[in-house]
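Written below as structure tokens is the structure these notes are about.
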Amino acid sequence: MRRGRFRPAGAALAAVLLTGCAQFAGPAGPPTTGKPAGAGGQGGHAAPPVLDHVRTTDRVVFLTYDDGADRDPRLTALIGERRLPVTFFLTDTVAGPAYGHFAGLRSVGASLQNHTLDHRALSGLPYAGQRAEICGQQTKLHSRFGVRPRLFRPPYGRYDPTTLRAAADCGITTVVLWRAELTPDGTLTYPRGTPELHPGDIIAVTSPEHTETLLRQLEAQNLRVGRLEDYVG
Numbered sequence: 256m257r258r259g260r261f262r263p264a265g266a267a268l269a270a271v272l273l274t275g276c277a278q279f280a281g282p283a284g285p286p287t288t289g290k291p292a293g294a295g296g297q298g299g300h301a302a303p304p305v306l307d308h309v310r311t312t313d314r315v316v317f318l319t320y321d322d323g324a325d326r327d328p329r330l331t332a333l334i335g336e337r338r339l340p341v342t343f344f345l346t347d348t349v350a351g352p353a354y355g356h357f358a359g360l361r362s363v364g365a366s367l368q369n370h371t372l373d374h375r376a377l378s379g380l381p382y383a384g385q386r387a388e389i390c391g392q393q394t395k396l397h398s399r400f401g402v403r404p405r406l407f408r409p410p411y412g413r414y415d416p417t418t419l420r421a422a423a424d425c426g427i428t429t430v431v432l433w434r435a436e437l438t439p440d441g442t443l444t445y446p447r448g449t450p451e452l453h454p455g456d457i458i459a460v461t462s463p464e465h466t467e468t469l470l471r472q473l474e475a476q477n478l479r480v481g482r483l484e485d486y487v488g
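Residue numbering for the sequence shown follows this note's numbering, starting at 256 and increasing by one per position.
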């Protein structure tokens with residue numbers, strides 16, 4: 256999102272990421288519980304729920320990072336030292352050249368999930384295109400790490416009913432948005448709801464260098480980082 260090398264398709268994609276996911280366009284609308292997908296030859300699986308918050312009485316919140324471009328060694332060290340169960344939503348064209356780096360993070364507790372092959376905005380694309388983006392990254396991550404992600408974040412937080420059908424047919428069980436965002440200046444902002452953290456909130460960290468400061472804020476509020484996969488899907 257801010258640093259790191261990109262594959263040669265790269266300059267255009269990098270520009271999109273720097274002005275898009277790094278800035279977080281914001282979810283297209285309030286999260287809604289998924290409803291059964293229509294048949295129509297497109298799988299017929301029940302559509303996954305869309306969440307920005309997990310209902311729990313545990314004093315946990317969830318830290319999520321997108322794309323895989325920012326590979327700040329300070330964040331790597333922090334995750335390793337504290338065994339932080341953070342979640343990375345990876346885009347293949349961004350994170351692919353450094354999957355070895357993310358394998359190391361996975362070994363110390365980070366979760367690696369799906370953020371499409373090429374970071375295309377999915378809403379409005381036909382089913383085949385959306386399915387190719389989501390299932391293609393499922394295949395890439397399974398090939399590299401031996402697991403098929405259950406969680407998916409659509410680029411820019413944008414999705415439509417076709418996205419949910421395609422995600423379900425690719426084996427996704429939960430579409431993950433965010434209720435709070437850690438911005439590049441280290442400020443927490445809230446796209447919706449009350450402007451304060453609650454147990455179960457999902458946080459999109461767009462500024463990894465401020466993660467340690469955020470952890471201190473969480474500790475002051477008697478909150479800890481939970482493993483998202485343990486609470487959803």
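Cβ coordinates follow ideal geometry from the N, Cα and C atoms, glycine included.
C-alpha gap between residue i and residue j, whole angstroms
i	j	result
Gly455	Val431	13 angstroms
Arg405	Glu336	26 angstroms
Gly364	Leu483	11 angstroms
Cys390	Phe407	11 angstroms
Asp485	Phe317	11 angstroms
Ser398	Thr346	14 angstroms
Ala387	Arg413	17 angstroms
Thr428	Pro381	21 angstroms
Asp424	Thr417	11 angstroms
Leu360	Gly426	23 angstroms
Assigned exposure category for residue i - 16 Cβ within 10 Å defines buried
i	result
Asp307	buried
Gln385	buried
Pro303	buried
Asp440	exposed
Gln393	buried
Ala350	buried
Ala420	According to the sequence shown, residue 420 is Arg rather than Ala. Buried: at least 16 other Cβ atoms inside 10 Å.
Ala358	exposed
Thr371	buried
Closest by C-alpha distance to residue i, when choosing among the options
i	options	result
Gly402	Ala301, Ala383, Leu367 and Arg408	In the sequence on display, residue 402 carries Val and not Gly. Minimum Cα distance to Val402 is reached at Leu367.
Thr466	Asp322, Leu333 and Gly323	Leu333
Lys395	Asn369, Ala301, Thr417 and Arg413	Asn369
Leu473	Thr348, Ala383, Val305 and Leu437	Leu437
Ala383	Thr348, Ala422, His356 and Phe400	Ala422
Cβ separation of residue i and residue j, assumed to be a contact under 8 angstroms, to the nearest whole Å
i	j	result
Arg314	Arg479	6 angstroms
Leu443	Gln476	Not really, about 11 angstroms apart at Cβ, beyond 8 angstroms.
Arg375	Pro410	7 angstroms
Asp415	Ser378	5 angstroms
Cβ shell of residue i (< 6 angstroms), same chain only, five flanking positions each side left out
i	result
Pro463	Asp325, Asp327 and Leu330
Tyr445	Ala435
Leu339	Val480
The ligand NAP heavy atom lying under 6 angstroms from the CB of residue i
i	result
Thr461	Of the ligands one can find in the structure shown there are none, so the ligand NAP has no counterpart to examine.
Residues near residue i by beta carbon distance below 8 angstroms, same chain, minus five either side
i	result
Thr495	With the chain covering only 256 through 488, there is no way to say anything about residue 495.
Thr312	Pro454
Residues of its chain near residue i, where Cβ-Cβ distance is below 7 angstroms and the 5 sequence neighbours each way are ignored
i	result
Thr468	Gly441
Gly448	Arg434
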